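Take a look at the structure set out below.
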Amino acid sequence: MKSAAKDCRNIFACLTVAMIIAAWLIPAGFAVNVEEANAVISQAETDIGSAYAVVADAETAGVDISALLNQLSSAGDSLSRAYVAFGTGEYANASALAIECSRALDGVTVTAASLKAEAEKAHSDRLLFSMVGSSVGLVLLLVFGFLGWKLLKKRYFKRILDMKPQMEGAQ
32 MKSAAKDCRN IFACLTVAMI IAAWLIPAGF AVNVEEANAV ISQAETDIGS AYAVVADAET
92 AGVDISALLN QLSSAGDSLS RAYVAFGTGE YANASALAIE CSRALDGVTV TAASLKAEAE
152 KAHSDRLLFS MVGSSVGLVL LLVFGFLGWK LLKKRYFKRI LDMKPQMEGA Q
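Numbering (my numbering), first residue to last: 32 to 202.
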């Protein structure tokens, strides 16, 4: 019985040591080093730069970009927190925050591009409407001007002919 208790203690001790070693080694296996964190932060910088460029293009097209700016601001906050974490040596946290920044920008470029396309189409439609309206107005002006001239010419000749003296007895 003592030997069974001694065997149980040895097994328990071995399991405890194995758990401690595993707990110590597993986070080291998933740790993020400086290069990986720097690469993720650089990618987030590139993502936010391209998103800002697309949103600026959409703004020049006349799009209301307030919602997009809120998303960009949120992503910028995540990126700045990633810089702070990187500076303090928390590379895993910096990497996670940079990934969060990139995820916050997922729909921004697509949304901005589609809003820009819609704004450009609306501008094109307005231009087409103005052009057609102006053309119709010009044609109407010419038609009514010509008809008015014909009417006034006819009335003028009638008045002139009515004023013409008639000769009596002339054959």
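The beta-carbon is built from N, C-alpha and C at its ideal position, and this holds for glycine as well.
The model shown is predicted, which means the values in this text are computed figures rather than measured ones.
DSSP three-state assignment for residue i, whether helix, strand or coil
{"i": "residue 151", "result": "helix"}
{"i": "residue 56", "result": "Residue confidence for residue 56 is low, a pLDDT of 46 falling below 50, so the modelled location carries little weight; the figure read from the coordinates is stated next. Residue 56 falls in the helix class under three-state DSSP."}
{"i": "residue 61", "result": "In this predicted model, residue 61 has a pLDDT of only 44, less than 50, meaning its place in the structure is not dependable enough to derive any value."}
{"i": "residue 193", "result": "helix"}
{"i": "residue 138", "result": "coil"}
{"i": "residue 67", "result": "helix"}
{"i": "residue 76", "result": "helix"}
{"i": "residue 179", "result": "helix"}
{"i": "residue 162", "result": "helix"}
Cut-off 7 Å between Cβ atoms - residues of its own chain near residue i, not counting five sequence neighbours on either side
{"i": "residue 135", "result": "102, 105, 106, 109"}
Residues near residue i by beta carbon distance below 8 Å, same chain, minus five either side
{"i": "residue 60", "result": "Reliability of the predicted coordinates at residue 60 is poor, the pLDDT of 41 falling under 50, and no value is obtained from them."}
{"i": "residue 72", "result": "110, 113, 114, 117, 125, 126, 129"}
Nearest to residue i (by Cα), restricted to the options the options
{"i": "residue 120", "options": "186, 142, 69, 198", "result": "69"}
{"i": "residue 153", "options": "80, 199, 115, 93", "result": "93"}
{"i": "residue 143", "options": "174, 95, 132, 124", "result": "95"}
{"i": "residue 86", "options": "116, 137, 147", "result": "147"}
{"i": "residue 99", "options": "117, 180, 145", "result": "145"}
{"i": "residue 77", "options": "117, 118, 157, 137", "result": "137"}
{"i": "residue 281", "options": "187, 90, 176", "result": "As shown, the chain starts at 32 and ends at 202. That puts residue 281 outside it, with no answer to give."}
{"i": "residue 67", "options": "186, 81, 123", "result": "123"}
{"i": "residue 81", "options": "139, 167, 180", "result": "139"}
Cut-off 6 Å between Cβ atoms - residues of its own chain near residue i, not counting five sequence neighbours on either side
{"i": "residue 75", "result": "110, 129, 132, 133"}
Please go through the stretch 85-135 and give each complete alpha helix (DSSP H) segment of 4 or more residues, from N-terminal end onward. 97-118, 122-135
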